[in-house]
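K.L.:
Attaching a single structure in structure tokens format; questions to follow.
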Amino acid sequence: TMARPILSFRNEVRHATILQWNARGLRSRISAFRQYVFTNRIPVIVICEPNVDKPLKLSGYEAFVSSTCEERSKVVVYIRTDFTYVHHAVQPHDDNQYVCLRIRKDKVSFTLIGVYVSPSGRFQQDRLRDILSATSAPWVITGDLNAHHLLWGSSTINAKGRNLVSFASKHDLCIINDGSPTYLRGLTYSSCLDLTLVSRSFRSQVQWFSDIETHGSDHIPTYVRIRGLTNPPRATIRKIDWPKFQRLMEDACREDPGDNLEDVIKEAMREASCLLPFTAKRSEFDVELEKLCALRRRAERRYRRTKSICDLRLARRMQKKVQRRLDKLEQQRWKVFCESLDPRKPLSRIWSTIRGLRSTPQQKHPFMALALRLGCTQLEVANDFCARVAGVCAMSASAVRSAFPEARIPEMDKDFTLEELDASLAASRRSSSPGPDGITYAALANL
């Protein structure tokens with residue numbers, strides 16, 4: 004078949020919702036993996052066989068690992084912290100490992116189950132059945148199940164494959180692989196070990212596709228795109244032209260705005276504002292790295308077509324060169340950061356960087372996650388929280404007003420002057436707002 008163009012495939016990856024990959028050791032590939040994640044910002048990442056004692060950190064992602072008895076965790080799920088999610092605990096097991104998350108973004112919600120079944124173990128239907136009964140549909144089950152069946156492109160059928168087909172039929176699940184191989188070994192063997200199953204009612208909303216390269220592993224990454232869940236648009240900064248804002252306010256206030264002053268200010272802020280694209284700091288483009296990745300990709304494609312040992316060896320040599328180049332770039336970035344530390348740099352920025360290295364990322368909307376766990380609306384959670392924290396005030400409004408003591412200095416009760424107002428505005432954070440109307444301190448200072 005004709006290979007997909009690189010640019011069109013990269014656009015597909017940027018719109019993917021879930022990345023699933025058996026990395027066969029993530030630590031040795033972490034530099035390339037972090038760069039790949041930073042470029043594409045895929046919301047959910049399921050890694051099988053990371054072969055690390057604790058999950059490696061990814062900026063902007065929270066990690067969840069499978070529970071085991073004696074073996075290392077074989078599944079780690081990274082989820083972007085701007086999503087709403089709830090982790091469901093799963094009983095530990097060495098041969099059948101699972102990570103389960105209930106995920107919501109905008110109007111789309113589903114249950115993700117990352118799975119790894121060891122080659123020597125058997126697929127235990129009872130364990131997965133218990134997870135499905137304890138969570139809500141629709142389900143997306145993805146991972147390395149080491150199951151073979153003709154239905155998803157394997158050349159043989161084993162017991163795991165038969166049991167998986169039976170389980171999917173009983174629980175109204177469908178396997179969405181298109182038959183593309185996800186595992187390459189040696190010169191002649193390839194198979195489909197990395198599978199994705201979804202609820203039949205959810206099938207029309209998902210699309211499955213595989214990568215065009217292995218990224219250094221013997222497994223090929225696979226992707227799932229869910230309709231309605233896309234990567235966030237390019238980051239922008241809202242900037243206000245304050246001279247234009249002042250002119251608009253002068254024109255609007257030639258007649259007394261009366262009680263509509265807040266609306267006039269907000270309208271002037273909107274008309275005087277513009278959106279500017281924001282470029283992240285870590286956006287360098289290394290020509291040598293891109294060249295090596297292209298050579299590795301070309302060698303892997305040729306190997307799949309010719310099954311030649313020379314092409315396989317060339318692909319592996321290119322992978323080692325890519326890894327050495329990435330390690331060198333990481334050292335250069337760390338050196339530049341260390342050289343930027345000097346007495347003139349604000350300590351707050353240095354401590355912020357150090358805390359970022361030590362702290363564990365957490366999701367940005369905990370109230371939304373609590374509402375998802377309780378199965379209620381965010382308003383109900385907020386009202387219950389406020390009632391528990393503030394309690395119920397038994398005093399009347401007049402009693403509350405009379406409870407305030409009188410000022411010891413009578414001048415404190417006088418109206419403030421414009422000089423005092425200017426001084427307080429100058430000392431405030433310009434981007435924040437004093438109230439829920441969204442009128443910033445900067446807008447008040449420019450009236």
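The opening residue of the sequence shown carries number 4 in the numbering used here; numbering runs sequentially from there.
Note that CB positions come from ideal geometry on N, CA and C, so glycine has one too.
Could you spell out the range, first to last residue, of the alpha helix (DSSP H) harbouring Trp337?
P.N.:
If you number the sequence shown from 1, residue 337 lands on position 334. Where Trp337 is concerned, the enclosing alpha helix (DSSP H) stretches over 312-342.
K.L.:
Tell me the DSSP bridge mates of Ser220?
P.N.:
For the purposes of this step, residue 220 is taken as residue 217 along the sequence shown, with counting starting at 1. DSSP, once it has assigned bridges, lists no residue as partnering Ser220.
K.L.:
Can you tell which of Phe67, Val267, Gln100 has the C-alpha that lies nearest to the C-alpha of Gln127?
P.N.:
Residue numbering aside, residue 127 sits at position 124 when the sequence shown is read from its first letter. When each option's Cα is compared against that of Gln127, the closest is Gln100.
K.L.:
Please say whether Cys72 and Pro95 have beta carbons closer to each other than 8 Å?
P.N.:
By 1-based counting over the sequence shown, the position of residue 95 is 92. By 1-based counting over the sequence shown, the position of residue 72 is 69. Judged by their CB atoms, Pro95 and Cys72 are nearer to each other than the 8 Å cut-off.
K.L.:
For the region 105-151, which segments carrying the beta strand (DSSP E) assignment without a break, of at least 3 residues, lie completely within its bounds, in sequence order?
P.N.:
111-120, 142-147
K.L.:
Short of 7 Å in beta carbon distance, which residues of its chain neighbour Leu154, apart from the five on each side in sequence? Order them along the chain.
P.N.:
Position 151 of the sequence shown, counted from the start, is the residue given in the question as residue 154. The residues Val168, Ile178, in chain order, have a CB closer than 7 Å to that of Leu154 in the same chain once the five nearest residues on each side in sequence are set aside.
K.L.:
What is the rounded straight-line gap between the Cα of Glu328 and the Cα of Ser220?
P.N.:
Counted from its first residue, the sequence shown places residue 328 at position 325. Counted from its first residue, the sequence shown places residue 220 at position 217. The displayed chain sequence assigns Arg, not Glu, to residue 328. Arg328 and Ser220 have their C-alpha atoms roughly 17 Å apart.
K.L.:
Would a C-beta distance cut-off of 8 Å place Asn25 and Asp133 closer than the cut-off?
P.N.:
If you number the sequence shown from 1, residue 25 lands on position 22. If you number the sequence shown from 1, residue 133 lands on position 130. No. Outside cutoff.
K.L.:
How many angstroms separate the CA atom of Met252 from the CA atom of Ile243?
P.N.:
If you number the sequence shown from 1, residue 252 lands on position 249. If you number the sequence shown from 1, residue 243 lands on position 240. When only Cα atoms are considered, Met252 and Ile243 end up about 13 Å apart.
K.L.:
Roughly how far, in whole angstroms, is the beta-carbon of Arg149 from the beta-carbon of Pro122, given that I think they are within contact range, below 8 Å?
P.N.:
Position 146 of the sequence shown, counted from the first residue, corresponds to residue 149. Position 119 of the sequence shown, counted from the first residue, corresponds to residue 122. The sequence as given places Asn at residue 149; Arg does not occur at that position. Confirmed, Cβ separation roughly 5 Å.
K.L.:
Quick check on this structure: which residue in Ala302, Leu292, Trp245 has the alpha carbon closest to the alpha carbon of Cys277?
P.N.:
Residue mapping note: residue 277 aligns to position 274 of the sequence shown, counting from 1. Closest by alpha carbon: Trp245.
K.L.:
Shortest alpha-carbon distance to Val93 belongs to which of Asp129, Ser62, Ser112?
P.N.:
As a first step, residue 93 is located in the sequence shown; it is residue number 90 there, counting from the start. The option with the nearest alpha carbon to Val93 is Asp129.
K.L.:
Look at Arg299 and Gln322 and say whether their C-beta atoms are less than 8 Å apart.
P.N.:
By 1-based counting over the sequence shown, the position of residue 299 is 296. By 1-based counting over the sequence shown, the position of residue 322 is 319. Yes; because the gap between Cβ atoms is below 8 Å, this pair is in contact.
K.L.:
DSSP on Leu232, reduced to helix/strand/coil?
P.N.:
Counted from its first residue, the sequence shown places residue 232 at position 229. Of the three classes helix, strand and coil, the one that applies to Leu232 here is coil, per DSSP.
K.L.:
Using 10 angstroms around the beta-carbon of Thr20, count the other beta-carbons present and answer buried if the total reaches 16, otherwise exposed.
P.N.:
Looking up residue 20 in the sequence shown gives position 17. Under this definition Thr20 is a buried residue.
K.L.:
My output table needs one value for Leu29: the three-state DSSP class, helix, strand or coil.
P.N.:
Along the sequence shown, read from residue 1 onward, the residue named residue 29 stands at position 26. Of the three classes helix, strand and coil, the one that applies to Leu29 here is coil, per DSSP.
K.L.:
Roughly how many angstroms lie between the CA atoms of Lys348 and Ile223, to the nearest whole one?
P.N.:
In the sequence shown, counting from the first residue as 1, residue 348 sits at position 345. In the sequence shown, counting from the first residue as 1, residue 223 sits at position 220. Each residue's alpha carbon lies about 44 Å from the other.
K.L.:
If you compare alpha carbons, which of Arg376, Tyr39, Arg228, Asp440 is closest to Leu264?
P.N.:
Taking the first residue of the sequence shown as position 1, residue 264 is located at position 261. Per the Cα distances, Asp440.
K.L.:
Per DSSP, which residues does Ser194 bridge with? Please list them.
P.N.:
Here the question's residue 194 lines up with position 191 in the sequence shown. According to DSSP, Ser194 bridges with Tyr186.
K.L.:
So, using beta-carbon positions, are Thr138 and His90 closer together than 8 Å?
P.N.:
The count along the sequence shown starts at 1 and reaches residue 138 at position 135. The count along the sequence shown starts at 1 and reaches residue 90 at position 87. Their beta carbons are not under 8 Å apart, which means Thr138 does not touch His90 by this criterion.
K.L.:
Should Cys296 go down as buried or exposed, given a rule of 16 or more other Cβ atoms within 10 Å for buried?
P.N.:
What you label residue 296 is simply residue 293 of the sequence shown in a count that begins at 1. Buried, because 16 or more other Cβ atoms sit within 10 Å of the Cβ of Cys296.
K.L.:
Would you identify the three-state DSSP class for Lys294, choosing helix, strand or coil?
P.N.:
Locating residue 294 in the sequence shown gives position 291, where the first residue counts as 1. Helix at Lys294.
K.L.:
Mind checking who Phe212 pairs with in its DSSP beta bridge?
P.N.:
Mapped onto the sequence shown, residue 212 falls at position 209. Its beta-bridge partners are Tyr226.
K.L.:
Out of curiosity, what's the CA-to-CA distance linking Val68 and Tyr306?
P.N.:
Here residue 68 corresponds to residue number 65 of the sequence shown, with the count starting at 1. Here residue 306 corresponds to residue number 303 of the sequence shown, with the count starting at 1. Taking the straight line from one Cα to the other gives about 34 Å.
K.L.:
Roughly how many angstroms separate the alpha carbons of Tyr444 and Ser136, rounded to a whole number?
P.N.:
Locating residue 444 in the sequence shown gives position 441, where the first residue counts as 1. Locating residue 136 in the sequence shown gives position 133, where the first residue counts as 1. Tyr444 and Ser136: Cα-Cα distance of roughly 52 Å.
K.L.:
In chain order, what residues of the same chain have a beta carbon less than 6 Å from the beta carbon of Gly117, not counting five sequence neighbours either side?
P.N.:
In the sequence shown, the residue the question calls residue 117 occupies position 114. Contacts found: Val49, Val78, Val80, Val102, Gly146.
K.L.:
Which of the three DSSP states is assigned to Thr87 in this structure?
P.N.:
The sequence position of residue 87 within the sequence shown is 84, counting from 1. If DSSP states are grouped into helix, strand and coil, Thr87 belongs with the strands.
K.L.:
Can you tell me where the beta strand (DSSP E) holding Cys256 begins and where it ends?
P.N.:
Sequence index remark: in the sequence shown, residue 256 carries index 253 (1-based). Per DSSP, Cys256 belongs to no beta strand (DSSP E) and is neither H nor E.
K.L.:
Can you grab the Cα-Cα spacing for the pair Arg273 / Arg304, in whole Å?
P.N.:
For this step, residue 273 is matched to residue 270 along the sequence shown. For this step, residue 304 is matched to residue 301 along the sequence shown. Whole-angstrom Cα-Cα distance: 52 Å.
K.L.:
Could you tell me the distance, in whole angstroms, from the CA atom of Asp56 to the CA atom of Glu15?
P.N.:
The sequence position of residue 56 within the sequence shown is 53, counting from 1. The sequence position of residue 15 within the sequence shown is 12, counting from 1. Taking the straight line joining both Cα atoms gives about 33 Å.
K.L.:
Do you know offhand how far Ser436's Cα is from Ile442's?
P.N.:
As a first step, residue 436 is located in the sequence shown; it is residue number 433 there, counting from the start. As a first step, residue 442 is located in the sequence shown; it is residue number 439 there, counting from the start. The straight-line gap from Cα to Cα measures roughly 6 Å.
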